[in-house]
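A.B. asks: Quick one: structure below, then a few questions.
Numbering (the numbering used here), first residue to last: 28 to 106.
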């Protein structure tokens, strides 16, 4: 198993974020939520529970199931 020293963790995150988007629990305005890593961000790896769950971050809060057009009493589903 490879171990990374706490002092080197920011360099590790920076290297990953150069290759692909990296989302971590980031502390902003006293709250910890998932967000995109930026150099200098205050990453909170010790936080057990963020304000919003990871699911809330990665999945949309709402989703369009269908669209329809109303013409009087008639409804037409739009693809």
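Note that the Cβ used here is the ideal one computed from N, Cα and C, for glycine as well.
Answer yes or no: do residue 63 and residue 84 have a C-beta to C-beta separation smaller than 7 Å?
C.D. replies: no
A.B. asks: Could you tell me whether the Cβ atoms of residue 54 and residue 69 are closer together than 7 Å?
C.D. replies: yes
A.B. asks: Going straight from the alpha carbon of residue 98 to that of residue 58, what length do you get?
C.D. replies: 47 Å
A.B. asks: Please work out which residues of its chain come closer than 8 Å, Cβ to Cβ, to residue 39, disregarding the five sequence neighbours upstream and downstream, and give them in chain order.
C.D. replies: 31
A.B. asks: Assign residue 87 to one of two classes, buried (16 or more other C-beta atoms within 10 Å of its C-beta) or exposed (fewer than that).
C.D. replies: exposed
A.B. asks: If you draw a straight line from the alpha carbon of residue 52 to that of residue 94, how long is it in whole angstroms?
C.D. replies: 35 Å
A.B. asks: Would you list the residues sitting across from residue 58 in a DSSP beta bridge?
C.D. replies: Note: residue 58 sits in a beta bridge opposite 55.
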